[in-house]
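S.K.: I am attaching a structure below and will ask some questions about it afterwards.
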Amino acid sequence: METKAIIDAVLNFDQEKTVRLVRARLDQGANALTILDQALIAAMDEVGRRFSTGIFFVPEMLMAAEAMHAGLEVLKPHLAKSDIKAKGTVIIGTVKGDIHDIGKNLVSMMLECAGFNVIDLGVDVSQGKFLAAAEKYQAQIVAMSALLSTTLAEMKAVVARVRKRGCSLKTLVGGAPVTASFASEIGADGYSPDAAGAVSVARSLIYA
Ligand code: B1M
C-alpha cells in the first residue's frame, strides 16, 4: 500500500510527498534497496510506459525524474553500506549522445559505497574523454551506461578502443537497452542489469 503511494507521488511529480513517504517507509523498518526497486524504479518504469503511449511527454518525464531523485537522496545513506573496502578506480559515465543519468548515478553511488574510488564523468561522455580519464586516474575499470538504443554504438566503440589498447583496463556496461548477449557481443568484460549487481561484477573484474 505504502509502496503504491510512493509510486503515485512520483507519478504526480510530488517531490515533498515522495520524500515524506520514503522516510516513513524507512522508519517502519523497510529495506532501502526494496524501496528503491519496488517503489522508485517501479515508478520510473511506469513513467516510461506512459511516455511510450503518449500520456507523458518530456516535461513530465523530467518532473517525475526530479521526484525520484528527491526520494533517492533520502535512501542514499542507507544503501549498500559495505564493510569490504575494494581497492580500485572506476571511471563512469553515460555515453555520448545520451543524457539519462539516474541509473548511472545509482551505479556510481553503489560503487562508492562499496569502497571504489569513482570518477564520475557525467553524461554525454565522448570516447576520448573515457580513455583520457582512465589514463589520467590509472583506472582499472571503465563503466558505461546507455539508455537509448541509438547510443549503443558508442558503447561498442569505447569497448573496442579499450581492447585495442591491450592493457589490463576492463569495461563494465549496463542500462535499459543493454543485454548480457549485447555485452558479450561487443566484448565488454562485465555486464549487470542493475546497480547492486554492478558492484559484484566490478569486484570480480578487479579480483579475477
Ligand atoms: Co528518456 N527515454 N528520453 N528521458 N527516459 C527512455 C530511456 C525511454 C525508454 C522512454 C520510452 O520510450 N519508453 C526512451 C528510449 C527508447 C530507446 O531508445 N529504446 C527514451 C527517449 C526516447 C528519450 C528522448 C529521445 C525523448 C525525446 O526527447 N523525444 C530523450 C533523449 C535525450 C538524450 O539522452 N539525448 C529523453 C529524455 C529524458 C529526460 C531528460 C526527460 C529524462 C532523463 C532524466 C535524467 O536521467 N536525469 C528521461 C527519463 C526519466 C526516461 C525514463 C522514463 C526513465 C529512465 C530512468 O531514469 N529509469 C525512461 C523509460 C524507462 O527506462 N522505463 C526513458 C530509472 C533508472 C534507475 O533506470 O537508468 O535503466 P536505468 O538504470 C537501471 C539499469 O538499467 C541499471 O541500473 C539501474 C537499476 O538499478 N544500469 C546499469 C544503468 N546503467 C548501468 C550501468 C552499469 C550497470 C547497470 O554498469 C556500468
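Numbering-wise, the numbering used here comes out as the position in the sequence shown, counting from 1, plus 21. Yeah, the Cβ is synthetic: ideal placement off N, Cα and C, and Gly gets one too. Quick caveat: nothing in here was measured; it's all calculated off a predicted structure.
Could you tell me whether the segment 141-148 touches the segment 89-97, using the rule of 3 or more Cβ pairs below 8 Å?
M.R.: No, the segment 141-148 does not touch the segment 89-97.
S.K.: What's the gap between the Cα of valine 79 and the Cα of phenylalanine 72?
M.R.: Computed Cα separation, rounded: 8 Å.
S.K.: Check whether the segment 147-154 and the segment 204-216 touch, using three or more Cβ-Cβ pairs below 8 Å as the test.
M.R.: Result no; under three Cβ-Cβ pairs closer than 8 Å.
S.K.: Distance check for glutamine 49 and valine 179, CA to CA, integer angstroms please.
M.R.: So the alpha carbons of these two residues sit roughly 44 Å apart.
S.K.: For asparagine 126, count neighbouring Cβ atoms within 10 angstroms of its own Cβ and tell me buried if that reaches 16, exposed if not.
M.R.: Burial call: buried.
S.K.: Can you tell me whether leucine 226 is buried or exposed, with buried defined as 16 or more other CB within 10 angstroms of its CB?
M.R.: Answer is buried; the Cβ neighbour count reaches 16.
S.K.: Tell me whether threonine 171, by its Cβ, gets closer than 7 Å to a heavy atom of the ligand B1M.
M.R.: Checking every heavy atom of the ligand B1M against the Cβ of threonine 171, one is found closer than 7 Å.
S.K.: Spell out the partners DSSP gives asparagine 138 in its beta bridges.
M.R.: Paired residues: Thr110.
S.K.: So for isoleucine 56, helix, strand or coil by DSSP?
M.R.: Note: isoleucine 56 maps to helix in three-state DSSP.
S.K.: Under DSSP, the beta strand (DSSP E) around serine 166 begins and ends at which residues?
M.R.: Where serine 166 is concerned, the enclosing beta strand (DSSP E) stretches over 162-166.
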